[in-house]
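Below: the structure, in structure tokens.
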Amino acid sequence: MVKVEFKKFIQPIVIGVVCLISFVSYQYYISFIYTFWPNGGITEFYNFSHDWHDRFGLSMSDADFEVVANENQERVKKADSIIKESEYGKQRGINTYKEFKTYESELPEGAILELPKSDQKERQELREFIQPNEKVFSQIETFETIIKEKQSFSSPEVFVKGREINQKEQEKLTKVLFQNDSWRNILPMYLPDTLASRISDMLITILIALGLLIPSVFVKDTMLKIKATQWSSKRGRNIVKSQYIATQLWSLMTITVMLGVFLYPLKNTEFTRYFSSGLNSFLGESWFQGRNYSFLEITFGSWLCLVILLVYLVGMSFSHILFFIGQTSRNYLNMLMKVIPMLTVFIILSSLIFNYAFYLENKIYQWTGIVNSELYVSLLLLIVSVGIGITPIFMSKKRELK
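Each residue of the sequence shown is one higher than the one before, counting from 1 in the UniProt record's numbering.
Structure representation (structure tokens):
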């Protein structure tokens, strides 16, 4: 019976629609991390991170920091030479990179078209000078930012100063970061956050797919009075249980296949090198100062496995709700009136669970103060959903044969 019920989910037209939605979702949202990340001002941060990881391994010692500091001094010397020999530098009496940055900081701020003509000309000449030398200037500026933020880890007392974290969090965080020097890990900023955000988009697509694939099968049976016919046999009276098992198997398969397709390109990115890196890093200090760390002393790869587990927990929770809706809906309109609100609720929950998952910045953690609350909420959601999902099985046992 389970095999028969499982085959009902194979609806070519609906599966085609799901594939189309998945393709659009991948192109417009999910593929971002594979094709456009990193971008903008953080590109140099990632370049440094990749280089240091390849040269120094999973973390950096004081000797390693000295090596990269000496390399930056060479860049500064190169920039000094470029500025001193340029017409731009000669006309303004600028001979060093330090003098250049001071001069640049003193220029009027604002949109270039809103400035006086003389200032517009100066800004334009500055842009023309920077453009061919942008790489070396950007490298120096990025490195100085990293080193400045690294100073926050000179001691636990310095680290906690001025941070928006309570006493208990300070004690836990300093223990995690300083006891085993886990702050020395090499993991570029925004990577866990961006990947979690994309996986959240994957989950939303999976939820939509499940919403299209599951409840309509049972509503169709109800409208065609197939269930009543099946109920006339002893074997048929177990139909709801068979449908429940088939639904969960189909959902599990759907989640696995879609996750596999969406995450497969990750193996071709440069981010796989960080799977063995610790979750906390001095490179993360440049964003959301104070709450961009985790109490979990695990690797980035282990964190990714936890996030994937959350996808299964939330996805299977929704599957149970959809099974209940399919069993209790009289027609397609009645089904849609139930599916759409529940889908909205699950999408909102997903954004709360996956946004900065397992970091102090996560909203659920901030509301509850419970470490790993994302996992506990997902487990609770599954337990409640299973309770709702199996209700039709018990209802069917009480039903009298007509």
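All C-beta atoms, glycine included, are put in the ideal place defined by N, C-alpha and C.
- For Gly40, there is no enclosing alpha helix (DSSP H), as DSSP marks it with neither H nor E.
- Cβ neighbours of Phe178 within its own chain (closer than 7 Å, five residues either side excluded): Pro156.
- For a cut-off of 8 Å, the C-beta gap from Leu296 to Leu279 is around 6 Å, short enough to register as a contact.
- Taking the C-beta atoms as reference points, Tyr88 is found no nearer than 9 Å to Leu266.
- As computed with DSSP, Thr299 is found in a beta bridge with Gly278.
- Residue environment analysis places Gly211 among the buried positions, since at least 16 neighbouring C-beta atoms fall within 10 angstroms of its C-beta.
- Counting only the Cα atoms, Ala69 lies some 14 Å from Phe56.
- Burial state of Ser319 is buried, judged by a 10 Å Cβ sphere holding 16 or more other Cβ atoms.
- With a cutoff of 9 Å on beta-carbon distance, Ser59 and Asp181 are scored as near each other.
- Under the three-state reduction of DSSP, Ser138 is assigned to helix.
- Of the candidates Leu224, Ile204, Gln248, Asp193, the residue whose Cα lies closest to the Cα of Ile214 is Gln248.
- At the C-beta level, Gln11 and Ser216 come within 9 Å of one another.
- Straight-line measurement puts the Cα of Arg291 at about 11 Å from the Cα of Asn166.
- A straight-line Cα-Cα distance of about 44 Å links Glu144 and Ile255.
- Inclusion of Phe262 and Ile30 in the CB contact set at 9 Å is warranted, their separation being smaller than that value.
- The C-alpha of Glu74 lies about 10 Å from the C-alpha of Asp80.
- Counted as a single uninterrupted DSSP element, the alpha helix (DSSP H) harbouring Met258 occupies residues 239 to 263.
- Straight across, the Cα-Cα distance linking Asn268 with Gly260 is about 14 Å.
- In the three-state scheme derived from DSSP, where H, G and I count as helix and E and B as strand, Ser59 is classed as strand.
- In this structure, Ile140 lies near Tyr97, with their beta-carbon atoms less than 9 Å apart.
- In this chain, Leu107 is not harboured by any alpha helix (DSSP H), its DSSP state being neither H nor E.
- Annotation for Asn133: Ile82 place their beta carbon closer than 6 Å to its own, counting only its chain and skipping 5 residues before and after.
- Under the three-state reduction of DSSP output, Asn268 falls in the helix class.
- Judged by DSSP secondary structure, Gln366 falls within the alpha helix (DSSP H) whose first and last residues are 363 to 368.
- Note: Asn334 is not bridge-paired with any residue in the DSSP secondary-structure output.
- Here Gly41 is exposed. Its C-beta has fewer than 16 other C-beta atoms within 10 Å.
- If the five residues before and after Asn72 are omitted, its C-beta is found closer than 7 Å to the C-beta atoms of Ile140, Phe143, all from its own chain and listed in chain order.
- Going by DSSP, Pro116 is part of no alpha helix (DSSP H) at all; its letter is neither H nor E.
- Within the same chain, and ignoring the five residues on either side of Ile298 in sequence, the residues whose Cβ sits closer than 7 Å to its Cβ are Leu279.
- In the structure shown, Asn372 falls within a coil segment according to DSSP collapsed to helix, strand and coil.
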